[in-house]
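A short worksheet on the structure shown next.
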Amino acid sequence: MKIDLEKERFELLKMYGRLLRKARPFLNDPDDIKQIKAAFLFASDAHQDMRRKSGEPFIYHPVAVATIATEEIGLGTTSIIAALLHDVVEDTDYTLEDIEERFGPKVALIVNGLTKISGAAQKGGSLQAENFRKMLLTIAEDVRVVLIKIADRLHNMRTLKSMPKDKQLKVKAETEYIYAPLAHRLGLYNIKSELEDLSLKYSDHVLYDEISKKLKDSEEAREHFTNEFKTPLIETLDKQGYKYTIKSRTKSITSIANKMKKQQVPFEEVFDLFAVRIIFDCPREVEKSTCWHVYSIVTDFYTPNVSRLRDWISMPKANGYESLHTTVMGHNGHWVEVQVRSLRMDEIAEKGYAAHWKYKEQGGDVNKEKGIEHWLNEVRSLMENDKVNAVEFLDDFRTSLFNKEVFVFTPNGDLKVFPQGSTVLDFAFDIHTEVGAKCLGAKINGKLVPLSYQLNNGDQIEILTANQSKANEGWLKIVRTSRARAKIKSHLKEDRKRVASIGREIIDRKFKQLKIKYDDRIAQQLRDFFNLSSETDLYYQVGEGIIEHKEIKKFRDHLDHNNQVKKKKIVPDSAKEFKNKIKNIRQDDDELVIGEDMDNVHYSIANCCNPIQGDDIFGFITINNGIKIHRTNCPNSIAMMANYGYRIIKARWASEKEAQYISKISIEGTDRIGLVNDVTRIITSRLKVNIRSISIDTQDGIFRGTIEIAVKHLNEFEKVITEIGNIEGIIRVKRHDN
Numbered sequence: 039m040k041i042d043l044e045k046e047r048f049e050l051l052k053m054y055g056r057l058l059r060k061a062r063p064f065l066n067d068p069d070d071i072k073q074i075k076a077a078f079l080f081a082s083d084a085h086q087d088m089r090r091k092s093g094e095p096f097i098y099h100p101v102a103v104a105t106i107a108t109e110e111i112g113l114g115t116t117s118i119i120a121a122l123l124h125d126v127v128e129d130t131d132y133t134l135e136d137i138e139e140r141f142g143p144k145v146a147l148i149v150n151g152l153t154k155i156s157g158a159a160q161k162g163g164s165l166q167a168e169n170f171r172k173m174l175l176t177i178a179e180d181v182r183v184v185l186i187k188i189a190d191r192l193h194n195m196r197t198l199k200s201m202p203k204d205k206q207l208k209v210k211a212e213t214e215y216i217y218a219p220l221a222h223r224l225g226l227y228n229i230k231s232e233l234e235d236l237s238l239k240y241s242d243h244v245l246y247d248e249i250s251k252k253l254k255d256s257e258e259a260r261e262h263f264t265n266e267f268k269t270p271l272i273e274t275l276d277k278q279g280y281k282y283t284i285k286s287r288t289k290s291i292t293s294i295a296n297k298m299k300k301q302q303v304p305f306e307e308v309f310d311l312f313a314v315r316i317i318f319d320c321p322r323e324v325e326k327s328t329c330w331h332v333y334s335i336v337t338d339f340y341t342p343n344v345s346r347l348r349d350w351i352s353m354p355k356a357n358g359y360e361s362l363h364t365t366v367m368g369h370n371g372h373w374v375e376v377q378v379r380s381l382r383m384d385e386i387a388e389k390g391y392a393a394h395w396k397y398k399e400q401g402g403d404v405n406k407e408k409g410i411e412h413w414l415n416e417v418r419s420l421m422e423n424d425k426v427n428a429v430e431f432l433d434d435f436r437t438s439l440f441n442k443e444v445f446v447f448t449p450n451g452d453l454k455v456f457p458q459g460s461t462v463l464d465f466a467f468d469i470h471t472e473v474g475a476k477c478l479g480a481k482i483n484g485k486l487v488p489l490s491y492q493l494n495n496g497d498q499i500e501i502l503t504a505n506q507s508k509a510n511e512g513w514l515k516i517v518r519t520s521r522a523r524a525k526i527k528s529h530l531k532e533d534r535k536r537v538a539s540i541g542r543e544i545i546d547r548k549f550k551q552l553k554i555k556y557d558d559r560i561a562q563q564l565r566d567f568f569n570l571s572s573e574t575d576l577y578y579q580v581g582e583g584i585i586e587h588k589e590i591k592k593f594r595d596h597l598d599h600n601n602q603v604k605k606k607k608i609v610p611d612s613a614k615e616f617k618n619k620i621k622n623i624r625q626d627d628d629e630l631v632i633g634e635d636m637d638n639v640h641y642s643i644a645n646c647c648n649p650i651q652g653d654d655i656f657g658f659i660t661i662n663n664g665i666k667i668h669r670t671n672c673p674n675s676i677a678m679m680a681n682y683g684y685r686i687i688k689a690r691w692a693s694e695k696e697a698q699y700i701s702k703i704s705i706e707g708t709d710r711i712g713l714v715n716d717v718t719r720i721i722t723s724r725l726k727v728n729i730r731s732i733s734i735d736t737q738d739g740i741f742r743g744t745i746e747i748a749v750k751h752l753n754e755f756e757k758v759i760t761e762i763g764n765i766e767g768i769i770r771v772k773r774h775d776n
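Numbering of the sequence shown is given in the working numbering, commencing with residue 39 and proceeding in unit increments.
Here's what the structure looks like:
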């Protein structure tokens with residue numbers, strides 16, 4: 039295809055001009071535009087002649103990321119410059135020193151956080167997890183790194199269509215696994231929703247397209263209903279002299295899909311598809327009273343569901359979000375969510391962290407900042423434990439992203455905010471590491487409670503300690519916060535080191551008594567004998583008395599009969615041959631074709647999602663079990679793809695290969711005589727499908743069951759679903775994932 043360089047240059051200048059227009063409200067110094075221009079020219083030169091998979095000039099990407107950073111997140115000059123330069127060190131010959139010399143240490147720090155680690159991961163680790171960890175470590179120093187990375191990910195998701203299928207799956211998995219939850223935690227709700235919707239588009243395009251079409255088809259009816267709903271509110275607000283706007287928004291596609299799945303209903307039965315937002319302009323000191331007054335106007339016209347009232351103006355969310363939410367009954371019998379907030383609150387809701395700090399610097403209420411400060415402190419505590427494996431670190435970090443909050447008090451009446459589900463132990467470790475390590479229990483509102491007691495709103499907590507109390511592995515199952523988990527792990531590691539040191543002394547003494555020289559070779563044989571992976575594990579078990587003197591004597595006897603103990607290992611040539619096969623599969627955009635004979639590549643169907651011919655699939659290379667074939671929308675594969683994307687390979691079904699695939703169906707309905715017979719008759723007699731097993735449980739007139747069948751293709755499976763759904767008494771029928 040012929041490239042029109044002049045047209046591309048014109049497009050780039052248009053993009054740059056738009057960037058400057060969107061950035062102008064955030065520029066404080068006349069010199070800012072000069073610096074942005076210098077960064078733009080530097081990046082243009084660095085990425086000259088580089089192109090994206092779509093064929094467009096690479097420089098389009100950093101300019102787009104910089105525009106998202108300022109327009110949709112509200113970041114200023116330093117962030118715009120860093121966004122323009124974010125791929126320079128990773129993809130060109132320029133170094134961080136070059137960036138620092140030209141644009142200063144702050145920009146260099148951010149660019150460093152955005153630059154991926156090169157080389158291999160640590161043993162048993164994941165390079166992707168290491169890269170996530172490197173990026174997230176910068177939260178303690180400069181949260182702008184993460185905000186720019188979210189902007190980078192948003193643009194990559196918007197342009198994902200041009201990437202090959204296996205790359206699409208990897209990127210969407212990372213997005214679901216870390217970037218969407220992180221955007222939500224930082225208050226970037228619009229970006230979070232778009233990231234989730236785009237992820238759904240590539241994991242389950244059929245469901246995505248179905249909901250998109252139905253939203254488009256019902257748009258006119260929703261608009262008519264919204265206009266009718268707003269009319270009396272507009273008349274009253276105008277009469278009372280408010281400066282305001284009323285917006286209506288449709289729930290995100292992912293939110294609707296989740297409701298359909300959770301409530302087990304079709305699209306037509308999801309009633310709260312949209313929300314009405316009333317945004318008013320007033321001085322900050324009267325925001326709260328104005329919110330409640332506007333709320334009273336809404337409830338004068340519409341009956342509220344009192345159980346759905348959410349007051350986030352008295353107690354803002356941990357990410358700084360403030361708003362008053364209620365759900366009211368519309369004139370047509372449909373529930374409508376109404377959100378009431380000030381202009382300042384709305385900017386924080388739209389721009390998240392960046393807007394939050396803008397208002398804080400203007401003299402915001404310090405008490406309202408405690409939630410996000412508490413979360414950042416929890417994250418910083420997690421960062422302090424640098425000995426944790428990168429994948430383990432990432433799991434701990436993700437735990438901090440999904441939580442609702444509870445509000446509790448110290449004996450002195452100080453307010454503390456914790457994730458919902460937090461326990462007495464979380465509270466104790468939040469006070470101090472030593473208080474947590476010696477925690478025996480607590481008094482909640484004057485009553486004794488155990489360590490595992492889950493905190494409730496309004497609890498007043500007094501921690502009880504004892505010197506003989508000691509942290510143990512079981513505590514990790516009790517705590518909810520990553521901060522407490524990190525402190526317990528650190529405490530256990532220190533204790534483990536102390537016990538291992540004692541164990542090493544015991545080993546040295548025992549081997550002297552046995553007249554055996556204890557060297558590296560013997561240490562390895564001893565670990566193999568007890569099937570332990572490290573010397574620390576060995577010494578710890580000896581120090582704890584798990585491995586006793588008589589076991590060590592058995593090892594001496596073992597040495598007398600064998601010169602060396604070896605574990606069974608894969609023959610190196612076989613392992614090399616397997617790797618070469620995988621390498622060949624990946625070359626030239628080739629695919630693993632399921633159903634064809636492949637002599638030396640072992641693959642099998644994943645039990646977690648049981649794909650059948652016709653499903654969109656991918657291959658995941660396991661360590662010991664060959665290649666596992668998963669559905670692209672398999673829920674259990676997201677974490678694997680996010681952490682080990684380099685193990686993903688494209689896969690498709692052989693078009694003419696006939697085979698039997700096992701899949702399960704969940705059914706639910708009203709119990710009646712002959713219902714199970716009707717189900718089995720339709721499957722076996724009418725559809726000629728083999729039933730492998732059937733399990734039915736009946737309670738209070740409702741039955742639930744699981745049927746395992748063998749089918750040849752997705753079309754055949756879907757026909758079974760449709761036919762069962764038409765049986766009298768069947769309420770719900772769906773594919774069952776393990």
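Quick reminder that beta carbons are idealized off the backbone N, C-alpha and C, glycines included.
Backbone secondary structure at Glu-500 - three-state DSSP:
Working through the sequence shown from its first residue, we reach residue 500 at position 462. Reduced to three states, the DSSP call for Glu-500 is strand.
Which word fits Met-173, buried or exposed, when buried means at least 16 other C-beta atoms lie within 10 angstroms of its C-beta?
Here residue 173 refers to the residue found at position 135 of the sequence shown. Counting Cβ neighbours within 10 Å, Met-173 comes out buried, since at least 16 surround it.
Whole-Å CB distance - Ala-121 paired with Ile-186, under 8 Å assumed
Mapped onto the sequence shown, residue 121 falls at position 83. Mapped onto the sequence shown, residue 186 falls at position 148. With 8 Å as the limit, Ala-121 and Ile-186 qualify as a contact, their Cβ atoms being about 5 Å apart.
Name the DSSP beta bridge partners of Thr-744, please?
By one-based count along the sequence shown, residue 744 stands at place 706. Thr-744 has Ser-704 and Ser-733 as its beta-bridge partners, per DSSP.
Who pairs with Asp-778 in a beta bridge, going by DSSP?
This structure leaves residue 778 out entirely; the chain is present only between 39 and 776.
Please go through the same chain and pick out, in chain order, the residues whose beta-carbon is closer than 6 Å to the beta-carbon of Glu-746, but skip the five residues on each side of it.
Position 708 of the sequence shown, counting from 1, holds the residue named residue 746. Correct list, in chain order: Lys-702, Arg-730 and Ser-731.
Three or more C-beta pairs under 8 Å: does that hold for the stretch 117-134 against the stretch 191-210?
no
When we look at the beta-carbon of Val-609 and count the other beta-carbons within 10 Å, is it buried (16 or more) or exposed?
Taking the sequence shown and counting its residues from 1, the one referred to as residue 609 is at position 571. Reliability fails at Val-609, whose pLDDT of 41 lies under 50, so the model's placement of it is uncertain and the value that follows must be treated cautiously. Exposed, by the Cβ-count rule.
So within the stretch 237-319, which uninterrupted alpha helix (DSSP H) runs reach at least 4 residues, ignoring any that extend past its ends?
243-255, 257-277 and 291-301
8 Å Cβ cutoff met for Gly-474 and Lys-525
One-based indexing of the sequence shown puts residue 474 at position 436. One-based indexing of the sequence shown puts residue 525 at position 487. A contact, by the Cβ cut-off of 8 Å.
Per-residue burial, Thr-108 [other beta carbons within 10 Å of its own, 16 or more giving buried]:
Your numbering for residue 108 matches position 70 in the sequence shown. The residue is buried, with at least 16 neighbouring Cβ atoms inside 10 Å.
Secondary structure, alpha helix (DSSP H): runs of 4+ residues fully inside the stretch 59-121
Secondary structure remark: continuous alpha helix (DSSP H) runs of at least 4 residues inside the stretch 59-121, in chain order: 70-84 and 98-109.
Taking 8 Å as the threshold, find out whether the stretch 232-248 comes into contact with the stretch 284-297 through three or more Cβ pairs.
yes
Assuming Phe-656 is part of the beta strand (DSSP E), what are its boundary residues?
Taking the first residue of the sequence shown as 1, we reach residue 656 at position 618. Run containing Phe-656: 655-659, per the beta strand (DSSP E) assignment.
Excluding the 5 residues preceding and the 5 following Asp-626 in the sequence, name in chain order all residues of the same chain whose CB lies nearer than 8 Å to its CB.
Stepping through the sequence shown from its first residue, residue 626 is reached at position 588. Because the pLDDT at Asp-626 is just 43, under 50, the model does not fix this residue reliably, and the point stays unresolved.
Boundaries of the alpha helix (DSSP H) in which Ile-711 is found, first to last residue:
Looking up residue 711 in the sequence shown gives position 673. That residue, Ile-711, is in no alpha helix (DSSP H); it is neither H nor E in DSSP.
If I measure Cβ to Cβ from Asp-464 and keep anything under 7 Å in the same chain, skipping five residues before and after, which residues do I get?
For this step, residue 464 is matched to residue 426 along the sequence shown. Taken in chain order, the residues that qualify are Phe-456, Val-517, Arg-518, Thr-519 and Ala-522.
According to DSSP, simplified to helix, strand and coil, what is Arg-518?
In the sequence shown, counting from the first residue as 1, residue 518 sits at position 480. Looking at Arg-518 - three-state DSSP - the assignment turns out to be coil, as it is neither helix nor strand.
Considering only residues of the same chain and omitting the five flanking positions on each side of Lys-605, which have a CB-CB separation below 7 Å?
Within the sequence shown, residue 605 is the residue found at index 567, counting from 1. Because Lys-605 sits at a pLDDT of 38, beneath the cut-off of 50, its placement in the model cannot be relied upon, and the point is left open.
Rounded to whole angstroms, what's the CA-CA distance from Asn-66 to Asp-235? Just pull it up for me.
Here residue 66 corresponds to residue number 28 of the sequence shown, with the count starting at 1. Here residue 235 corresponds to residue number 197 of the sequence shown, with the count starting at 1. Answer to the nearest angstrom: the Cα atoms are 35 Å apart.
Return the residue from the list Gly-496, Cys-646, Tyr-682 and Trp-691 that minimises the CA-CA distance to Gly-652.
Numbered from its first residue, the sequence shown carries residue 652 at position 614. Selected option, being the one with the closest Cα: Trp-691.
Rounded to the nearest angstrom, what separates Cys-739 and Thr-708 at their Cα positions?
On the sequence shown, residue 739 is found 701 positions in, with the first residue counted as 1. On the sequence shown, residue 708 is found 670 positions in, with the first residue counted as 1. The amino acid occupying residue 739 in the given sequence is Gly; Cys does not appear at that position. Straight-line Cα distance between these residues: approximately 6 Å.
Specify, as a first and last residue, the run of the beta strand (DSSP E) that Phe-568 falls within.
What you label residue 568 is simply residue 530 of the sequence shown in a count that begins at 1. Premise fails: Phe-568 is in no beta strand (DSSP E) and is neither H nor E.
How about Ala-538 and Gly-581: do their beta carbons lie closer than 8 Å?
On the sequence shown, residue 538 is found 500 positions in, with the first residue counted as 1. On the sequence shown, residue 581 is found 543 positions in, with the first residue counted as 1. Yes, Cβ-Cβ distance for Ala-538 and Gly-581 is below 8 Å.
According to DSSP, is Ser-200 part of a helix, a strand, or is it coil?
Counting from one through the sequence shown, the residue named residue 200 turns up at place 162. Ser-200: helix per DSSP, three-state reduction.
Length of the line joining the Cα atoms of Leu-43 and Met-88
Indexing the sequence shown from 1 puts residue 43 at position 5. Indexing the sequence shown from 1 puts residue 88 at position 50. Computed Cα separation, rounded: 13 Å.
Assigned secondary structure, Lys-40 (DSSP; H/G/I helix, E/B strand, else coil)
Stepping through the sequence shown from its first residue, residue 40 is reached at position 2. If DSSP states are grouped into helix, strand and coil, Lys-40 belongs with coil.
Would you grab the beta carbon distance between Trp-373 and Asp-310 for me? Rounded to a whole angstrom, and I think it's under 8 Å.
The count along the sequence shown starts at 1 and reaches residue 373 at position 335. The count along the sequence shown starts at 1 and reaches residue 310 at position 272. Cβ-Cβ separation between Trp-373 and Asp-310: approximately 5 Å, consistent with a contact (criterion under 8 Å).
Considering only residues of the same chain and omitting the five flanking positions on each side of Lys-326, which have a CB-CB separation below 8 Å?
Stepping through the sequence shown from its first residue, residue 326 is reached at position 288. Around Lys-326: Ile-351 and Ser-352.
Can you check which of these residues, Ile-661, Ser-231, Leu-147 and Ile-643, is closest to Arg-669 by C-alpha distance?
Along the sequence shown, one-based indexing puts residue 669 at 631. Comparing Cα positions, the closest option is Ile-643.
Provide the residue(s) that pair with Ala-680 in DSSP beta bridges, ordered along the chain.
Here the question's residue 680 lines up with position 642 in the sequence shown. According to DSSP, Ala-680 bridges with nothing at all.
Terminal residues of the continuous alpha helix (DSSP H) containing Gln-579?
As a position in the sequence shown, residue 579 is number 541, starting the count at 1. Per DSSP, Gln-579 belongs to the alpha helix (DSSP H) from 573-582.
Taking the straight line between their C-alpha atoms, what separation do you get for Glu-138 and Ser-675?
Position 100 of the sequence shown, counted from the start, is the residue given in the question as residue 138. Position 637 of the sequence shown, counted from the start, is the residue given in the question as residue 675. So the alpha carbons of these two residues sit roughly 40 Å apart.
Indicate the three-state DSSP secondary structure (helix, strand or coil) for Glu-615 in the structure shown.
Residue mapping note: residue 615 aligns to position 577 of the sequence shown, counting from 1. Only weak support exists for where Glu-615 lies, its pLDDT of 49 falling under 50; the value from the coordinates is given anyway. DSSP places Glu-615 in helix when its eight states are reduced to three.
Distance, Pro-143 Cα to Asn-150 Cα
Within the sequence shown, residue 150 is the residue found at index 112, counting from 1. Within the sequence shown, residue 143 is the residue found at index 105, counting from 1. The alpha-carbon atoms of Asn-150 and Pro-143 are separated by roughly 10 Å.
Would Ile-687 and Gly-712 qualify as a contact pair, given that the criterion is a beta-carbon distance under 8 Å?
To locate residue 687, count along the sequence shown from 1; it is residue 649. To locate residue 712, count along the sequence shown from 1; it is residue 674. Not a contact, by the Cβ cut-off of 8 Å.
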